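Chains as they are written, first to last, in UniProt numbering: chain A, 1 to 113; chain B, 1 to 403. Yeah, the Cβ is synthetic: ideal placement off N, Cα and C, and Gly gets one too. Just so we're clear, the structure is a prediction, and the values are computed from it rather than from any experiment. Below you'll find the structure, written out as C-alpha cells, and then a few comments.
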C-alpha cells in the first residue's frame with residue numbers, strides 16, 4: 001500500500017470542481033483527477049478519458065458522475081464505471097480520504113467495490 | 001407476446017446500441033447482428049484518428065470480440081438482401097435466412113454521389129466505411145493533390161487530416177461559409193477561414209463535371225474553369241438506406257418511417273439511426289437526424305420499446321467535429337427563430353448562444369468550449385430562463401447558470 005499524498009484542504013476544490021495531481025507527483029505514471037462531487041465527497045480517477053485523450057478534470061461534474069468534455073462519455077466517480085458510449089472501458093479509481101479537513105489521495109489504491 | 005429473439009440489421013451506432021441495451025435491460029433471448037463488416041465499429045474516427053493511422057481497426061470497435069461472446073450476441077458477417085416481415089425473416093446475400101420475433105433495421109445510409117457527369121466514376125471516393133478510409137489513406141502521400149467536394153463535417157475533417165500526409169488540399173463547397181445552420185454564421189465563418197490559414201485552397205462553387213485521364217482528375221467548375229486533382233473525395237451527405245424496408249412494403253419517405261417508439265409500419269419491424277425517420281401520431285414527419293448521438297439514443301429507445309419498458313427521455317440534439325486542432329460542438333438548434341449572443345475568446349467568436357423570442361436558450365455552438373455546450377445543454381433541456389445579459393457576460397460561467 002502506497003503512502004497518501006496530502007493534496008490540500010477540502011476548501012481548495014469547490015463542489016463540482018476537480019484538481020489534477022500530475023503523474024510525476026502521484027507516482028503512478030498517469031495524471032490523477034480528484035473530484036469534489038455533488039454528494040459532498042471526494043473521489044479520484046485517472047484523469048485521461050479511457051476513450052480518447054481528454055482531461056476528465058475539465059469535464060462536467062454532476063451528482064457522482066463526470067462527463068468527458070470532448071465526446072461526452074460519462075463515468076461513475078465512485079466506481080470508475082463507463083456509464084455511456086463512446087467509452088466502454090472503466091476509468092481507474094484511487095482511494096481518497098478526508099482527515100481533519102485535508103484531502104488525502106492514495107495513488108494506486110483502488111476503491112473497494 | 002413474449003420476446004425470444006431479435007435480429008438487428010446493421011452494426012453501426014444504432015444497431016450496436018440496440019444489442020447492448022437489450023442485454024443491459026435484461027433481454028436473455030437470441031440476439032443477432034448482421035453487418036457486412038462483421039464486428040461493429042465506430043465511424044467518427046474514420047475521418048480523423050483512423051485515417052491518420054493513430055488508431056487501428058481494433059481500436060475503433062465499439063466493444064472487443066470477447067464482449068459479444070460474453071453477452072451472447074451473435075455477429076453474422078453478411079449482407080441482408082430481403083425481408084419477410086410477416087415471418088420475421090431476414091434473407092442474406094448467401095441465401096441464409098434468419099428468423100426472429102422482431103427485426104430492427106439499423107441500415108444507416110450510403111454516401112450521396114454527385115449527380116453530374118463523372119460523379120459515378122469508380123475513382124471518385126467517398127468516406128463511409130473502414131474500407132473507404134483505408135483506400136483514401138493509401139492514396140495520400142506528400143504532394144498528392146486532393147480535391148474534396150463538400151466542406152461540411154466530413155469534408156472539413158478529412159481536409160485537416162490530409163495535411164498531415166503532406167497533401168495539397170482543395171476544398172470545394174457551393175456555400176460560403178458552410179455549416180451556418182449547425183453553428184451559426186459567426187462560428188461558421190471562423191471555422192471555414194481556418195482552412196486557408198492552414199494552407200488549404202478553398203473554392204466556392206459547384207462542380208459541373210468530373211473527368212479522369214492519365215494525368216488525374218479534372219473537376220469542371222462551370223464558368224470558373226477547372227480544378228486538377230490526383231484524388232477526389234465527395235462528402236455531400238448521405239442517402240438513407242431504405243431498400244430493405246421498401247422492398248418489404250414498409251412505409252418510407254426519405255427514411256424508414258417510425259413512430260416515437262422506433263416502430264415501423266409493420267408490427268414486427270423496428271428501425272433506428274440514420275435510416276429511420278420519425279412520423280408523429282398526427283402524421284407530421286420530423287427531419288431525419290444523422291448524428292452519432294442521435295443514433296445511440298434511437299437505439300436505446302428501440303431496445304426499451306422492444307422490451308415494453310418506459311421509453312428513455314432525450315433532450316436537445318448534440319454533435320461534434322474535430323479539425324485543425326480545434327474541437328467544435330453544437331447542441332439544440334442555431335437555426336431556430338431568435339437572436340444570437342456571441343462570447344469571444346482571444347478576440348474571436350468562440351461560443352454562440354441562440355435565444356428564442358421568449359428568452360429561452362434553444363441552441364449553442366462552441367469552438368473549444370465543451371463545458372459551455374454541456375452547460376447550455378442543461379439550460380435548454382431544463383427550460384431554465386436565463387437573463388440575456390448574463391448569457392452575454394463572459395465573466396459569468398455558464399455552468400453556474402445551469403444550476
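Residue i versus chain B: which residues are under 7 Å apart at the beta carbon?
i: residue 86 of chain A; result: 42
Quick one: list the residues of chain D neighbouring residue i, beta-carbon separation under 9 Å, in chain order.
i: residue 194 of chain B; result: Protein chains in the displayed structure are A and B, and chain D is not among them.
What is the DSSP secondary structure of residue i, reduced to helix, strand or coil?
i: residue 379 of chain B; result: helix
i: residue 77 of chain A; result: coil
i: residue 74 of chain B; result: strand
i: residue 35 of chain A; result: strand
i: residue 20 of chain B; result: helix
i: residue 213 of chain B; result: strand
i: residue 366 of chain B; result: strand
i: residue 386 of chain B; result: coil
i: residue 323 of chain B; result: strand
i: residue 301 of chain B; result: helix
i: residue 162 of chain B; result: helix
i: residue 371 of chain B; result: helix
i: residue 120 of chain B; result: coil
i: residue 132 of chain B; result: helix
i: residue 399 of chain B; result: helix
i: residue 266 of chain B; result: coil
i: residue 50 of chain B; result: helix
i: residue 41 of chain A; result: coil
i: residue 200 of chain B; result: coil
i: residue 94 of chain A; result: strand
i: residue 108 of chain A; result: coil
i: residue 18 of chain A; result: strand
i: residue 70 of chain A; result: coil
Would residue i be called buried (16 or more neighbouring beta carbons within 10 Å of its own) or exposed?
i: residue 160 of chain B; result: buried
i: residue 20 of chain B; result: buried
i: residue 262 of chain B; result: buried
i: residue 282 of chain B; result: exposed
i: residue 35 of chain B; result: buried
i: residue 355 of chain B; result: buried
i: residue 214 of chain B; result: exposed
i: residue 385 of chain B; result: exposed
i: residue 48 of chain B; result: buried
i: residue 4 of chain B; result: exposed
i: residue 19 of chain A; result: buried
i: residue 224 of chain B; result: exposed
Out of the options, which one is the CA nearest neighbour of residue i?
i: residue 376 of chain B; options: B:364, B:403, B:385 and B:368; result: B:364
i: residue 141 of chain B; options: B:122, B:164 and B:132; result: B:164
i: residue 64 of chain B; options: B:52, B:42 and B:51; result: B:42
i: residue 67 of chain A; options: A:49, A:79 and A:4; result: A:49
i: residue 202 of chain B; options: B:239, B:244, B:236 and B:155; result: B:155
i: residue 254 of chain B; options: B:268, B:224 and B:286; result: B:286
i: residue 145 of chain B; options: B:229, B:291, B:208 and B:205; result: B:229
i: residue 269 of chain B; options: B:280, B:252 and B:284; result: B:252
i: residue 150 of chain A; options: A:107, A:43 and A:51; result: Nothing can be reported for residue 150 of chain A, as the shown portion of chain A is limited to 1 through 113.
i: residue 307 of chain B; options: B:26, B:345 and B:9; result: B:26
i: residue 51 of chain A; options: A:111, A:70 and A:62; result: A:70
i: residue 374 of chain B; options: B:134, B:57 and B:399; result: B:399
i: residue 309 of chain B; options: B:66, B:7 and B:24; result: B:24
i: residue 62 of chain B; options: B:45, B:53, B:153 and B:179; result: B:45
i: residue 241 of chain B; options: B:87, B:233, B:256 and B:210; result: B:256
i: residue 196 of chain B; options: B:177, B:183 and B:185; result: B:177
i: residue 362 of chain B; options: B:379, B:371 and B:346; result: B:379
i: residue 112 of chain B; options: B:341, B:88, B:150 and B:157; result: B:150
i: residue 328 of chain B; options: B:16, B:170 and B:320; result: B:320
Give a yes or no on whether 8 Å exceeds the smallest Cβ distance from residue i to chain B.
i: residue 70 of chain A; result: yes
i: residue 81 of chain A; result: no
Would you please verify whether the beta carbon of residue i is less than 8 Å from any beta carbon of chain A?
i: residue 374 of chain B; result: yes
i: residue 334 of chain B; result: no
i: residue 327 of chain B; result: yes
i: residue 296 of chain B; result: yes
Since residue i meets chain A, which of its residues come closer than 7 Å, beta carbon to beta carbon?
i: residue 370 of chain B; result: 69 and 70
Residues of chain A with a CB under 9 Å from the CB of residue i: which are they?
i: residue 63 of chain B; result: 88
Is there at least one non-hydrogen atom of the ligand FMN closer than 7 Å to the beta-carbon of residue i?
i: residue 338 of chain B; result: The ligand FMN is not part of this structure, which contains no ligands at all.
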